[in-house]
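Protein chains in written order, with UniProt numbering: chain V, 1 to 348; chain F, 1 to 348.
Ideal Cβ positions, reconstructed from N, Cα and C, are used throughout, including at glycine.
2 protein chains.
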Amino acid sequence: MPQPSSGDRVRPVTLSDVARAAGVSQSTASRAFNGSARRVDEALKQRVLEAAARLNYVPNTQAQAVARGRTTTIALLVSDIADAYFSSMAAAMMAEAESAGLRVSVIVTERRIERELEVVREVRGQHARAIVLAGSGYRDAALTGTLRAELDMVIESGGRVVTVSRGDLPFESVDFDNAGGARQLGASLARLGYRDFLVLAGEPELVATQDRVAGFRAGLADAGIELDDDRVIPSAFSWEGARDAVQRLGDDVLAGTRLVFAVNDEMALGAVAALRGRGFRIPEDISVAGFDDIRTLRDVVPGLTTVHVPIADLAAEVVGRIAHGVPGAPGSILPTSVVLRDSTPRLN
Amino acid sequence: MPQPSSGDRVRPVTLSDVARAAGVSQSTASRAFNGSARRVDEALKQRVLEAAARLNYVPNTQAQAVARGRTTTIALLVSDIADAYFSSMAAAMMAEAESAGLRVSVIVTERRIERELEVVREVRGQHARAIVLAGSGYRDAALTGTLRAELDMVIESGGRVVTVSRGDLPFESVDFDNAGGARQLGASLARLGYRDFLVLAGEPELVATQDRVAGFRAGLADAGIELDDDRVIPSAFSWEGARDAVQRLGDDVLAGTRLVFAVNDEMALGAVAALRGRGFRIPEDISVAGFDDIRTLRDVVPGLTTVHVPIADLAAEVVGRIAHGVPGAPGSILPTSVVLRDSTPRLN
DNA sequence: ATGAAAGCGCTAACAC
DNA sequence: GTGTTAGCGCTTTCAT
Numbered sequence: 001m002p003q004p005s006s007g008d009r010v011r012p013v014t015l016s017d018v019a020r021a022a023g024v025s026q027s028t029a030s031r032a033f034n035g036s037a038r039r040v041d042e043a044l045k046q047r048v049l050e051a052a053a054r055l056n057y058v059p060n061t062q063a064q065a066v067a068r069g070r071t072t073t074i075a076l077l078v079s080d081i082a083d084a085y086f087s088s089m090a091a092a093m094m095a096e097a098e099s100a101g102l103r104v105s106v107i108v109t110e111r112r113i114e115r116e117l118e119v120v121r122e123v124r125g126q127h128a129r130a131i132v133l134a135g136s137g138y139r140d141a142a143l144t145g146t147l148r149a150e151l152d153m154v155i156e157s158g159g160r161v162v163t164v165s166r167g168d169l170p171f172e173s174v175d176f177d178n179a180g181g182a183r184q185l186g187a188s189l190a191r192l193g194y195r196d197f198l199v200l201a202g203e204p205e206l207v208a209t210q211d212r213v214a215g216f217r218a219g220l221a222d223a224g225i226e227l228d229d230d231r232v233i234p235s236a237f238s239w240e241g242a243r244d245a246v247q248r249l250g251d252d253v254l255a256g257t258r259l260v261f262a263v264n265d266e267m268a269l270g271a272v273a274a275l276r277g278r279g280f281r282i283p284e285d286i287s288v289a290g291f292d293d294i295r296t297l298r299d300v301v302p303g304l305t306t307v308h309v310p311i312a313d314l315a316a317e318v319v320g321r322i323a324h325g326v327p328g329a330p331g332s333i334l335p336t337s338v339v340l341r342d343s344t345p346r347l348n
Numbered sequence: 001m002p003q004p005s006s007g008d009r010v011r012p013v014t015l016s017d018v019a020r021a022a023g024v025s026q027s028t029a030s031r032a033f034n035g036s037a038r039r040v041d042e043a044l045k046q047r048v049l050e051a052a053a054r055l056n057y058v059p060n061t062q063a064q065a066v067a068r069g070r071t072t073t074i075a076l077l078v079s080d081i082a083d084a085y086f087s088s089m090a091a092a093m094m095a096e097a098e099s100a101g102l103r104v105s106v107i108v109t110e111r112r113i114e115r116e117l118e119v120v121r122e123v124r125g126q127h128a129r130a131i132v133l134a135g136s137g138y139r140d141a142a143l144t145g146t147l148r149a150e151l152d153m154v155i156e157s158g159g160r161v162v163t164v165s166r167g168d169l170p171f172e173s174v175d176f177d178n179a180g181g182a183r184q185l186g187a188s189l190a191r192l193g194y195r196d197f198l199v200l201a202g203e204p205e206l207v208a209t210q211d212r213v214a215g216f217r218a219g220l221a222d223a224g225i226e227l228d229d230d231r232v233i234p235s236a237f238s239w240e241g242a243r244d245a246v247q248r249l250g251d252d253v254l255a256g257t258r259l260v261f262a263v264n265d266e267m268a269l270g271a272v273a274a275l276r277g278r279g280f281r282i283p284e285d286i287s288v289a290g291f292d293d294i295r296t297l298r299d300v301v302p303g304l305t306t307v308h309v310p311i312a313d314l315a316a317e318v319v320g321r322i323a324h325g326v327p328g329a330p331g332s333i334l335p336t337s338v339v340l341r342d343s344t345p346r347l348n
C-alpha cells in the first residue's frame, strides 16, 4: 500500500505553537504540563491542555532532556536479547520501570568487552539516568580498567551504575545467590545418589559462572564428594558453546559421567542436544542439570533440573534502587532455589 | 561495594570545553567530528580530536538530535519481548540497524491496542526516524482509526512507518507469506495422511493469524479436505492462551482430532503442554504443528513441525527500507517454507 | 577554512 | 500567577 498523506512534510507542532493557540506565554504552557513548581490557574491550564489536544501536540523528549539536563532512561546492557534469560530480564525490567515512570533502553553487547566499552561510551552520550550491566564480567584486567573508568565518569556526572551478576566491577551490585544455589544443587544431587559429575563451566573469564562452579563443588564436598579439575570443562557461554564442547568430549570421559551440570540452562540444553546426538538418553544414560530456570524449560521434556533465579524480584530491586535508592547502597543478593525435575531422577 | 568517586558530581564535558582546550571555535570543533559539510584543516582537526580524547568527551546525543532535528533511532513495537519470536526479531533488527548506523529502541505493547496508541504518541515525541510495528493488528475500528491518525502524523513530520505482519494499517508493510506457508503446510499434512484437524486460531481480532487459518484451510481444500468452522478454536494469542483453550476442550472434540495446528509456535507448545496434561502422547495420539520456527524449537522433543519464517531477511528488508528506501515503496512479502519434523509423522 | 551568531524545543530562574 | 529572558549542548547558516 502507498503511504497516505505523503509529500508535504510538515513541521511538528511545538510548545510555542500550543502557547500561541492558547493565548499564553510559552512558560505558562510548559507549566501547564509539568504541573509541579509554580501552579498555573486552572482555567488557563485547561485552555492550554485543550489547545495541545486540538493540535495533537506531543512534547519533544530530546529537547526536554537537554533543557532539564537529565533523562528518564535506564540503559540495560545484555549479551544477547534473543537469549531467554536476558529477554526475560529485559521484560521484567521494562515492566518495573514503567510503573516507576522510567524507560529502559536495551543494548546488546554481543559478549564482547570491546563492544561493551564502546556501548558504555554511547550510553554516556545519551545521559541515561542509570546503566545496568547484566551478564557476566570478564577477566581482562586492562579492558575492565578502561570500562571501569568509563563507568566512573557516568557516576561523576550524576548517573547510576548497577551491575547484575558480575563481580568484576566495583559498583552497586544486585545478584542472585549463585554460589548458594549451586551448592544446594550439588548437595541435592548427591542426595539423589549421583557421584560421577561433569561440569560445563562456560568461559573461565566470566566471573559469575565461577561462583556457580565453586558453589557446586562445595555442595558436593558437603556430601564428601570431590570434583576433580579435569571434570570441569570450559566452553563458550552459550547453547552452541555447550553443544560443541560435549561433541568434542572423549567417549571415555562421557563413559565416566552420570550427570552433567551446566552453569546455565541454555548451556544445559545445548548439552542435551549434543548428548542425544551421541546416542545418550536423558536421564536414563546421563542426567543433566542447569541454572536459571528460563522460560524455555516449560517446553522441555524431560523437565530440566535447575536453580531458579527470581528475575522479577531482581528487576524490582534494580529499578527500585535507581528510582528511590541512595546512590552508594551496599549490594544485595537474592535467594535462589533448587528445582528438581525429571532430568535428574533418584538413582536406583 | 561502595560507589567509587562518589560525592562531587561534575558537569559533563561539552563540545565548547573541547573547543576551548583545542583553541578553536565551537563550530570548528563540531565540524572536526561530523566531518561532512565544510572540511576542516587536518592539523586543527587532530588538535580537536586529541583534546576530545584527553577530556573524555562524548557528544550529547539528545542535544545533537534537537539541533539536527532528527534522530537515528528506529522504534520497534513488539507485543512481548520475552516471547521468542519477538526477541529474535529484536535481535535481528538490532544487528541490522547497527551496520546501518541506526539504533533500535524496543517498546513493549503488551498486546493492548490502547497501550499501543499511547506508545506511538510517546515515540512521536522521541522523533524516531522510523517506527516499526511488529505483531498482529486488531480489528477494533475506532482505535485503529486513532492509531492510524497518530501514525499519519509521524509520516507528516518526516518519520517512517513500517508494519510487519499486520494488515490493519495502510502503511509500508513487510510480511511473511503467511497464507502461502500455511497453505503448503496444510497440503503437506494432508499428503502425510492427516484428515481430522483442529486449529488453534488465536484471537479473531488479530489480522495476521487470519491469513494463516485461511491459508491452512486452502491447503486442505487443495487436497479435498474441508475444515469446518467449529474445528477452528479461538484463544488468546499466547502459550497460556493455547494451553487454556486446549484444557477447556471437550473430550469428544479431542477424540475427533488427529492433528492440532496452532497459528504460531508458542501456541503450539502451549497446546502440547495441555495435551500431555490430559494424557495424550505427541505424536502417537495427537500430532501438532505450529508456525514461525522459533529458536525454542531446537530444544523441543519431538521436533515440532512448523513453517519457517526468515526473520533475519525481514529485519534486513525493514532496516534497508528505513536506511535507503524510498518512502512510499510497495510492500514486500518474504517466502516461508514448511519444516516437517517428528511431531507430524506420516500416518500408517 | 574559520569564527560569530542564530536557532533547535524546551525548562527554569528572574522579575513583575 | 504570568511573562520575559536566559540558558541546555549542539548544528548550521552567514560573514569573513
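Exclusion of the five residues before and after Ile-81 of chain F leaves Ser-87, Ala-90, Val-106, Val-108 as the residues of its chain whose Cβ lies within less than 7 Å of its Cβ.
The Cβ of Ser-16 of chain V sits no closer than 7 Å to any Cβ of chain F. For Ile-286 of chain V, the closest Cβ of chain F is not nearer than 7 Å. Using a Cβ distance threshold of 7 Å, Arg-121 of chain F and Val-58 of chain V count as a contacting pair.
Only buried fits Asn-178 of chain F, as 16 or more other CB atoms lie within 10 angstroms of its CB. Within the segment 306-341 of chain F, the complete alpha helix (DSSP H) runs of at least 4 residues fall at 311-323. When C-beta atoms of the segment 320-336 of chain V are compared with those of the segment 163-173 of chain V, three or more pairs fall below 8 Å, so the two segments count as touching. The contact set of His-127 of chain F on chain V, defined by CB atoms closer than 7 Å, consists of Asn-60, Gln-62 in chain order. Where Phe-197 of chain V is concerned, there is no enclosing alpha helix (DSSP H), although the beta strand (DSSP E) around it starts and stops at 197-202. In the three-state reduction of the DSSP assignment, Thr-109 of chain V falls in the coil class, being assigned neither a helical nor a strand state.
Within the DSSP bridge table, the entry for Val-104 of chain F names F:Ile-74 as partners. In the three-state DSSP reduction, Glu-172 of chain F falls in the strand class (E or B).
Ala-21 of chain F: member of the alpha helix (DSSP H) spanning 15-22, first to last residue.
For Ala-65 of chain V, a Cβ of chain F is located within less than 7 Å of the residue's own Cβ. Using a CB distance cut-off of 7 Å, Val-106 of chain F counts as an interface residue toward chain V.
At a cut-off of 7 Å between beta carbons, Asp-244 of chain V makes no contact with chain F.
With a threshold of 16 other beta carbon atoms within 10 Å, Asn-60 of chain F meets it and is buried.
Spanning the alpha carbons of Val-232 of chain F and Pro-283 of chain F requires a straight line of approximately 20 Å. With 16 or more neighbouring CB atoms inside 10 Å of its own CB, Ala-22 of chain V falls in the buried class.
For Val-132 of chain F, the closest of F:Val-260, F:Asp-222, F:Ser-332, F:Ile-322 by C-alpha to C-alpha distance is F:Ile-322. For a Cβ distance threshold of 9 Å, residue set Met-153, Glu-156, Ser-157, Gly-158 of chain V lies close to Val-10 of chain F, ordered along the chain. Per DSSP, Val-132 of chain F is one residue of the beta strand (DSSP E) stretching across 130-133.
Bridge partners of Ile-233 of chain V according to DSSP: V:Leu-200. C-alpha of Ala-29 of chain F to C-alpha of Ala-32 of chain V: approximately 38 Å in a straight line. In the DSSP assignment, Asp-292 of chain F forms a beta bridge with F:His-308. The Cβ neighbour count for Leu-198 of chain F, taken over all protein chains shown within 10 Å, is at least 16; the residue is labelled buried. In this structure, Val-338 of chain V lies near Ser-188 of chain V, with their beta-carbon atoms less than 7 Å apart.
In the DSSP assignment, Val-260 of chain F forms a beta bridge with F:Leu-198, F:Val-288. Ile-286 of chain V and Ile-311 of chain V have their C-alpha atoms roughly 29 Å apart.
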